[in-house]
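>
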Amino acid sequence: MIQVSETAKKRVVDLMTEGGFDATTDYVRVGVKSGGCSGLSYELDFDKNIGESDKVFEDNAVRIVVDKKSFLYLVGTTLEYSGGLNGKGFVFNNPNAQRTCGCGESFSL
Numbered sequence: 001m002i003q004v005s006e007t008a009k010k011r012v013v014d015l016m017t018e019g020g021f022d023a024t025t026d027y028v029r030v031g032v033k034s035g036g037c038s039g040l041s042y043e044l045d046f047d048k049n050i051g052e053s054d055k056v057f058e059d060n061a062v063r064i065v066v067d068k069k070s071f072l073y074l075v076g077t078t079l080e081y082s083g084g085l086n087g088k089g090f091v092f093n094n095p096n097a098q099r100t101c102g103c104g105e106s107f108s109l
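Per UniProt numbering, numbering of the sequence shown is gapless, rising by one per residue and ending at 109.
#1: I'd like the span of the beta strand (DSSP E) that includes S34, first residue to last.
#2: Pick helix, strand or coil for S70, following the three-state DSSP scheme.
#3: Here's a check: name, in chain order, each residue in its chain whose Cβ is nearer than 7 Å to the Cβ of L9, leaving out the five neighbours to either side.
#4: Look at the Cβ atom of D26, then the Cβ atom of D47, and state whether they are nearer than 8 Å.
#5: Taking DSSP's pairing of strands, which residues face E58 in a bridge?
#6: Under three-state DSSP, which class holds D45?
#7: Given a cut-off of 8 Å on the beta-carbon distance, is the pair V28 and S70 in contact?
The following block contains the structure:
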């Protein structure tokens, strides 16, 4: 399961609306790919469709879809948002990460 903080929810809904997506029917796609300074990096996108092997969750009224491979890396993760002048944007608090980079966009196990 992936959790979504209240601040992340507000920002996700705003961005989905701006991008022509409907937060009540469409999805936030969260994934992991090879790359980044720590070896693995997060992917975040919007999607209207789900694949047959995708896992679907809903937390804090945000519909989340994760591919099967990425799910193993993301179990227990909380998506947060940090705005303002010193904010980093979306931040993944992943309990499975052994090491993260300073920007918070990549990690290793």
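Using N, Cα and C, we set each Cβ at its ideal position, and we do this for glycine too. The model shown is predicted, which means the values in this text are computed figures rather than measured ones.
In short:
#1: Counting along the chain, the beta strand (DSSP E) containing S34 begins and ends at Y27 to S34.
#2: Looking at S70 - three-state DSSP - the assignment turns out to be helix.
#3: The sequence given here places Lys at residue 9; Leu does not occur at that position. Cβ within range, chain order: N60, A61 and V62.
#4: Going by C-beta atoms, D26 is nearer than 8 Å to D47.
#5: Its beta-bridge partners are R63.
#6: D45 carries a strand assignment under DSSP once its states are collapsed to helix, strand and coil.
#7: Judged by beta-carbon spacing, S70 lies beyond the 8 Å limit of V28, meaning their Cβ atoms are not closer than that value.
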